[in-house]
Amino acid sequence: MGEVSRQSSGCRWKLRDFAPFGVRQSVKFSYRTVSVADMAAKQIDESIRRFLEDIEVKVDKKEPEMVLSGEYVVDNGINKAIVDQKVLTANHGRIPDWAVMIKLFNAFKKVVVVSNPMNETDLRLDDVMGFVDDQIVVTLPKEVRAQLDADLYKKFRDEVMLVDLPVAEPDEGNCGMYTAILTTDKYVYLPVFGSDPSNWEQGYSTMTDKMVTHLVEANTRKTVVPVSVPRAICRRGYSLRSLSWVARGAIAEKLIGAARDHARFA
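In structure tokens, the structure reads:
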């Protein structure tokens, strides 16, 4: 199956949030988020629609009635998704909760709705957890994640294993969040923070980076690729995941073709 990770140019918008996604089928939901005014969100949505038309990408399904931002979904790319409770809140008055769940099941197969363990902060759900393998999720230590274990067990039983990654002291953006990973079919791109001098005074070190890298490697069959994240990026809440759109199959081929054409004529 073809796969490509398309990165947003610059750091203005988080491509992950408004690109089509889903594992059973590629679905384009309406993009809305509390961090962007509705009018601006509509303009962003329109820009991705034009981009898809320009490169002749056809998504499997459009869901204009339901609003959904990618920040609220963590999936394994195969058959499981963990969805933030905020999705139900965002769709109140639009469609009933049962309809939201059906649309999520159609896109992701197995779905569990949870409360973000870091709800009191600006951290996104995909900042605080991520699949590193089909059934393995890296997340916050047990004393931080509260109800998450029970919520996941209720739906997935023993199908999902949680692995604790260390958490730094509260910091700007998602700096220090090793859980803000980007995973594809073959690779786990792991954010590390100890190589950037701007992060040193916050206590980040290459020693911790290596320890976390080894821990993730021990819990996945995929190749782990550490990626140094400068403080200028993480302090603004941008992550490897939020700036990327992971696509597979025909859509991936279209994106690769478009990138090659752009490089040829640039």
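The UniProt record's numbering numbers the first residue of the sequence shown as 1 and each following residue consecutively. We treat Cβ as the ideally placed atom computed from N, Cα and C, and that holds for glycine.
Less than 9 Å between the C-beta atoms of residue i and residue j, yes or no?
| i | j | result |
| --- | --- | --- |
| F156 | V112 | yes |
| G176 | Y238 | no |
| V137 | I82 | yes |
| D164 | T139 | yes |
| R231 | D196 | yes |
| D185 | R145 | no |
| F29 | M66 | yes |
| G130 | V74 | yes |
| V192 | V212 | yes |
| L240 | L182 | yes |
| I251 | V59 | yes |
| L190 | V216 | yes |
Select from the options the residue whose C-alpha is nearest the C-alpha of residue i.
| i | options | result |
| --- | --- | --- |
| D133 | T33, W13, N79 and V36 | N79 |
| K61 | K142, L104 and E201 | L104 |
| D149 | R221, P117 and R124 | P117 |
| Q147 | Q85, E159 and P170 | Q85 |
| W13 | S69, D158 and Q202 | S69 |
Drop a sphere of 10 angstroms on the beta-carbon of residue i, count the other beta-carbons inside from all chains shown, and report buried for 16 or more, exposed for fewer.
| i | result |
| --- | --- |
| M161 | exposed |
| V224 | buried |
| D261 | exposed |
| V229 | buried |
| C11 | At C11, the pLDDT of 42 sits below 50, so the modelled position is not reliable; the number obtained from the coordinates is stated separately. Its Cβ having fewer than 16 others within 10 Å, C11 is exposed. |
| P20 | buried |
| D38 | exposed |
May I ask whether a heavy atom of the ligand GDP can be found less than 8 Å away from the beta carbon of residue i?
| i | result |
| --- | --- |
| A259 | The ligand GDP is absent from the structure shown, which contains no ligands of any kind. |
Pop quiz: residue i and residue j are said to be a contact at Cβ under 8 Å. What is the actual Cβ separation, rounded to whole angstroms?
| i | j | result |
| --- | --- | --- |
| G77 | V23 | 6 Å |
| T179 | V128 | 5 Å |
| E71 | D126 | 6 Å |
Stretch-stretch touch, CB-based, cutoff 8 Å, three pairs: the region 89-104 with the region 42-57: no
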